[in-house]
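Okay, so here's the structure we're looking at.
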Amino acid sequence: MKWEQMWRLTAERELMGMLSTSLADQDIFNAVIKQNPFLVYQLPCFWNVQLSDHTRSEQCYRDVSDLKVIHWNSPKKLRVKNKHVEFFRNLYLTFLEYDGNLLRRELFGCPSEADVNSENLQKQLSELDEDDLCYEFRRERFTVHRTHLYFLHYEYEPAADNTDVTLVAQLSMDRLQMLEAICKHWEGPISLALYLSDAEAQQFLRYAQGSEVLMSRHNVAYHIVYKEGQFYPVNLLRNVAMKHVGTPYMFLSDIDFLPMYGLYEYLRKSVIQLDLANSKKAMIVPAFETLRYRLSFPKSKAELLSMLDMGTLFTFRYHVWTKGHAPTNFAKWRTATTPYRVEWEADFEPYVVVRRDCPEYDRRFVGFGWNKVAHIMELDAQEYEFTVLPNAYMIHMPHAPSFDITKFRSNKQYRVCLKTLKEEFQQDMSRRYGFAALKYLTAENNS
Numbered sequence: 001m002k003w004e005q006m007w008r009l010t011a012e013r014e015l016m017g018m019l020s021t022s023l024a025d026q027d028i029f030n031a032v033i034k035q036n037p038f039l040v041y042q043l044p045c046f047w048n049v050q051l052s053d054h055t056r057s058e059q060c061y062r063d064v065s066d067l068k069v070i071h072w073n074s075p076k077k078l079r080v081k082n083k084h085v086e087f088f089r090n091l092y093l094t095f096l097e098y099d100g101n102l103l104r105r106e107l108f109g110c111p112s113e114a115d116v117n118s119e120n121l122q123k124q125l126s127e128l129d130e131d132d133l134c135y136e137f138r139r140e141r142f143t144v145h146r147t148h149l150y151f152l153h154y155e156y157e158p159a160a161d162n163t164d165v166t167l168v169a170q171l172s173m174d175r176l177q178m179l180e181a182i183c184k185h186w187e188g189p190i191s192l193a194l195y196l197s198d199a200e201a202q203q204f205l206r207y208a209q210g211s212e213v214l215m216s217r218h219n220v221a222y223h224i225v226y227k228e229g230q231f232y233p234v235n236l237l238r239n240v241a242m243k244h245v246g247t248p249y250m251f252l253s254d255i256d257f258l259p260m261y262g263l264y265e266y267l268r269k270s271v272i273q274l275d276l277a278n279s280k281k282a283m284i285v286p287a288f289e290t291l292r293y294r295l296s297f298p299k300s301k302a303e304l305l306s307m308l309d310m311g312t313l314f315t316f317r318y319h320v321w322t323k324g325h326a327p328t329n330f331a332k333w334r335t336a337t338t339p340y341r342v343e344w345e346a347d348f349e350p351y352v353v354v355r356r357d358c359p360e361y362d363r364r365f366v367g368f369g370w371n372k373v374a375h376i377m378e379l380d381a382q383e384y385e386f387t388v389l390p391n392a393y394m395i396h397m398p399h400a401p402s403f404d405i406t407k408f409r410s411n412k413q414y415r416v417c418l419k420t421l422k423e424e425f426q427q428d429m430s431r432r433y434g435f436a437a438l439k440y441l442t443a444e445n446n447s
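Sequence positions in the sequence shown follow the numbering used here and run 1 to 447.
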């Protein structure tokens, strides 16, 4: 056929009259086909039913069994005006919202080459004891979740001074309402991992497209981790969000917290002040909480302290889990004007700013309990220095209890398994860090 010669001659001949084309290679293909119709085998049009405002697509089929391919070829996509568009739209959305995990199941009688990763996974699973009461917890860390990175358009221009900080968080469908508020409080880049079903992913897409606040932000990366299993894989989600941070530093937050106005710029200055680039430091952002769903957010530290004294705000989890943030030393923070160092203590779980190369979260912890505590312990074992920032704060907004914390409170076996996983993590720490890790066992026994 001499394709190389054919398309060049055709292109040169057509360009003598047209001068330029708008569709480039597609125009060349069309020109070649027009001059050489013998090259084309014509398929019935039900193989490409084009749906736009003015197509006569209904002439391509008599009933749904005729259809092979539906082509939304209009810029309007699903919003086109077409005789049967409602039917096609519902059909399309039905497929979109199917559980994609159904496509991962191996069919019997279909030979395929062995996959090394799949074999390794099966080997790891076979080593677990299915009679173990904590089997489902142990199995969760080996689950390979389908993941859709950068679900929406993302753009990020690196800062010239290498001080940029990304806010990292994870969430499920019931926390979507926090996204707009966080975007209003934090103007810097954000990396989010969302734990959703296929149907929820489409709901999220519609929610985001209907939000002026979210659509105006292109420096927010949304990574979908699709649901599988019975637990909320909180640390896997954190790791996914962390792995795709494009800045030198990360603010490891949670979705229920609103950072103070101006925190983004304050952290960038603190990165320079504390020389994070050349030192192993974890900068602590003190955490507070309100029990009010509607809060006049404090615009300064002085205003926050006033609200603290009036009982509008509290130190985070002061009434249920004091140990989690006690080492932050809120009494000292009230009057502090310079950063100050604090020591690790048992059950410490502050929200920190670290370099991007910090260790990942341990995946064995799923659902509720010890997921952040274990990470902070790991940072301490790697000799990170914990430094409290004197003019930074974040506020936890109230919400209904999560499904996992409800299970933790009501299910004794859940609590037993969490205790077992905690002990195994501490044993792993001893193996990896040796004598230095003994203090974690001692601290746990004394707490």
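Where is the CB? At the ideal position from N, CA and C, for every residue including glycine.
Identified DSSP bridge partners for residue i
i	result
Ala193	Gln170 and His223
Ala287	Met394
Phe251	Leu167 and Val353
Ile28	According to DSSP, Ile28 bridges with nothing at all.
Lys323	Paired residue(s): none; Lys323 is not in a bridge.
Leu258	Ile395
Phe314	Glu289
Val416	For Val416, which the question treats as bridged, DSSP gives no partner whatsoever.
Thr387	Met283 and Arg341
Ile272	The partner list for Ile272 (beta bridge, DSSP) is empty, contrary to what the question assumes.
Thr147	Val225
Ile70	Val49
Neighbour-count burial assignment, residue i, 16 or more Cβ in a 10 Å radius
i	result
Gly210	exposed
Met16	exposed
Arg432	exposed
Gln170	buried
Thr387	buried
Met429	buried
Met18	exposed
Thr406	exposed
Asp63	exposed
Asp289	At residue 289 the sequence reads Glu, which differs from the Asp that was named. Classification for Glu289: buried.
Thr10	buried
Met310	exposed
Arg56	exposed
Ser172	buried
Glu200	buried
Tyr440	buried
Met1	exposed
Gly188	buried
7 Å Cβ shell around residue i - same chain, five flanking residues per side excluded
i	result
Leu128	Tyr135, Arg138 and Arg139
Tyr207	Leu176
His399	Asp256
Thr420	Cys134
Asp380	Trp344
Ser270	Met283 and Leu389
Val40	Ile33
Asn371	Val234, Asn235, Tyr361 and Phe365
Lys68	Phe46 and Trp47
Proximal residues to residue i (C-beta, below 6 Å), its chain only, five neighbours per side dropped
i	result
Arg141	Arg363 and Arg364
Tyr361	Asn235, Arg238, Asn239 and His375
Glu345	Pro327
Phe251	Val165, Leu167 and Val353
Phe151	Tyr222 and Ile224
Lys301	Asn391
Val220	Ile190
Gln124	Phe142
Cys60	Cys45, Phe46 and Val49
Arg317	Gly324
Ser253	Leu167, Ala169 and Tyr351
Residues near residue i in its chain [Cβ-Cβ closer than 8 Å; skip 5 each side]
i	result
Tyr92	Ile70, Trp72 and Leu78
Pro373	The sequence shown places Val at residue 373, not Pro. So the list reads Gly324, Asp347, Phe348 and Glu349, once near-sequence residues are dropped.
Phe38	none
Phe314	Phe288, Glu289, Thr290, Leu291 and Leu308
Val342	Ile284, Pro327, Thr328, Asn329, Phe386, Thr387 and Val388
Leu305	Arg334
Phe408	Gly367, Phe368, Gly369, Tyr414, Arg415 and Leu418
Asp198	Leu96, Glu97, Tyr98, Asp99, Gly100 and Tyr226
Gln35	Thr10
Proximity test, residue i beta-carbon vs the ligand GTP heavy atom, cut-off 7 Å
i	result
Lys2	For the structure depicted, the ligand GTP is absent and the ligand set is empty, with no information on it obtainable.
Distance between beta carbons of residue j and residue i, contact taken as under 8 Å
i	j	result
Leu196	Phe204	6 Å
Phe46	Asp66	5 Å
Tyr351	Val285	5 Å
Tyr393	Lys280	The Cβ separation is near 24 Å, so there is no contact.
Glu378	Pro359	5 Å
At least 3 beta-carbon pairs within less than 8 Å: the region 330 to 343 vs the region 244 to 263: The region 330 to 343, when compared against the region 244 to 263, does not touch it at the 8 Å Cβ threshold.
If you pair each beta-carbon of the region 212 to 228 with each one of the region 179 to 191, do three or more pairs fall below 8 Å? Verdict: yes, contact present.
Is the region 265 to 277 in contact with the region 294 to 307, if contact means three or more CB pairs nearer than 8 Å? Because the criterion of three Cβ pairs below 8 Å is not met, the region 265 to 277 and the region 294 to 307 do not touch.
Between the region 81 to 88 and the region 51 to 62, are three or more C-beta pairs nearer than 8 Å? Cβ pair count under 8 Å is three or more, so yes.
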